[in-house]
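If you're matching positions, the sequence shown starts at 4 in our numbering and goes up one per residue.
Ideal placement from N, C-alpha and C gives every residue a C-beta, glycine not left out.
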Amino acid sequence: MRQDSDLLALFESLALAAGHEIMRHYEQGFAIERKADASPVTAADREAEKIILSGLCEKLPGVPCVAEENASLGIIPECGDAFLLIDPLDGTREFIERRPDFTVNIALIRHGTPVLGVVLAPARGLMFSGGSDGAFEIELRDGEMVGRTQIRARSKPASEPVILASLSHRTPETDAYIAKFPGSRVTSIGSSLKFCLLARGEADIYPRFGPTMQWDTAAGDAILRASGGMTRDLDGNPLTYGSREGTGFCSPFFIAEGAS
């Protein structure tokens, strides 16, 4: 496999190409379909995934790719110690409702840990990237990368933290957790951008007490870890990735936080 810097450059390039296709649908209109689990899907999801998988298969032949739309059709490769997790359009509900918080997510997993990740929010003109050299916010101009700035998660304050909550998947358990922090400020935002806000020090905690899939979180989690933060399960252990017996690529409940 290539050097990590080359892999991140590849992920960034493919995310931008997928983002261009997504925005074409966003601007021109699209039909909404339903998958077997009743979740929405559009041609933008499918076309973006084709772009990403085509590029990965060409540049990284033999590396297993677990991608949301293929997985929904039962197409899931055998994964060893290293594999890729792809969500071509995270936040499809935001996309459908014309909110700008949807993202393209590409992540590399090694030994259960998300080590490289790219998150692109094409409607916001934002891209984030993270790996062994740190986490970065990438400046975009007319859809092209023109510069990058290193970002760091901040230490959680002793009281009144800024808490991020899912916009489309708020649960009673989430509300009960937030109630433990009187005076905290709660911000709702969709998709993997929650991890990115933690990574650039704009928020402190993202509790997830609701269903989510590993391709939803892996890229943002990699960026958060590269910034000094961490995502843990409810037992306090770092969140791990890979197929689990009985649950596949479903994620357990977790809490993502800034620097300790």
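Among the candidates the options, whose CA atom is the shortest distance from the CA of residue i?
{"i": "residue 109", "options": "234, 263, 5 and 15", "result": "15"}
{"i": "residue 146", "options": "232, 257 and 123", "result": "123"}
{"i": "residue 163", "options": "254, 182 and 155", "result": "182"}
{"i": "residue 77", "options": "101, 84 and 69", "result": "69"}
{"i": "residue 90", "options": "220, 233 and 39", "result": "220"}
{"i": "residue 57", "options": "21, 30 and 81", "result": "21"}
{"i": "residue 169", "options": "230, 190, 131 and 218", "result": "190"}
Are residue i and residue j touching if we call contact CB-CB under 9 Å?
{"i": "residue 129", "j": "residue 111", "result": "no"}
{"i": "residue 204", "j": "residue 261", "result": "yes"}
{"i": "residue 88", "j": "residue 59", "result": "no"}
{"i": "residue 166", "j": "residue 139", "result": "no"}
{"i": "residue 186", "j": "residue 82", "result": "no"}
Roughly how many whole angstroms lie between the Cα atoms of residue i and residue j?
{"i": "residue 10", "j": "residue 179", "result": "40 Å"}
{"i": "residue 151", "j": "residue 201", "result": "17 Å"}
{"i": "residue 63", "j": "residue 188", "result": "43 Å"}
{"i": "residue 107", "j": "residue 160", "result": "31 Å"}
{"i": "residue 49", "j": "residue 206", "result": "32 Å"}
Within 10 angstroms of its Cβ, does residue i collect 16 or more other Cβ (buried), or is it exposed?
{"i": "residue 237", "result": "exposed"}
{"i": "residue 228", "result": "buried"}
{"i": "residue 135", "result": "exposed"}
{"i": "residue 230", "result": "buried"}
{"i": "residue 45", "result": "buried"}
- prompt: Along the chain, which unbroken stretches of the beta strand (DSSP E) at least 3 residues long are found entirely within the stretch 110-153?
  reply: Counting only unbroken stretches of 3 or more residues, the beta strand (DSSP E) elements lying wholly within the stretch 110-153 are 116-124, 129-134 and 137-144, in sequence order.
message: Just to confirm the assignment: which complete alpha helix (DSSP H) runs, minimum length 4, are found wholly within the stretch 34-109?
response: For the stretch 34-109, the continuous alpha helix (DSSP H) assignments of 4+ residues that do not extend past its boundaries occur at 46-62, 71-75 and 95-99, in sequence order.
- prompt: Where are the alpha helix (DSSP H) runs, 4 residues long or more, that stay fully inside the stretch 199-229, in chain order?
  reply: As far as the stretch 199-229 is concerned, its whole alpha helix (DSSP H) runs of at least 4 residues are 217-229.
Every unbroken alpha helix (DSSP H) inside the stretch 155-181 [4 residues or more]: Qualifying alpha helix (DSSP H) stretches, in chain order: 175-181.
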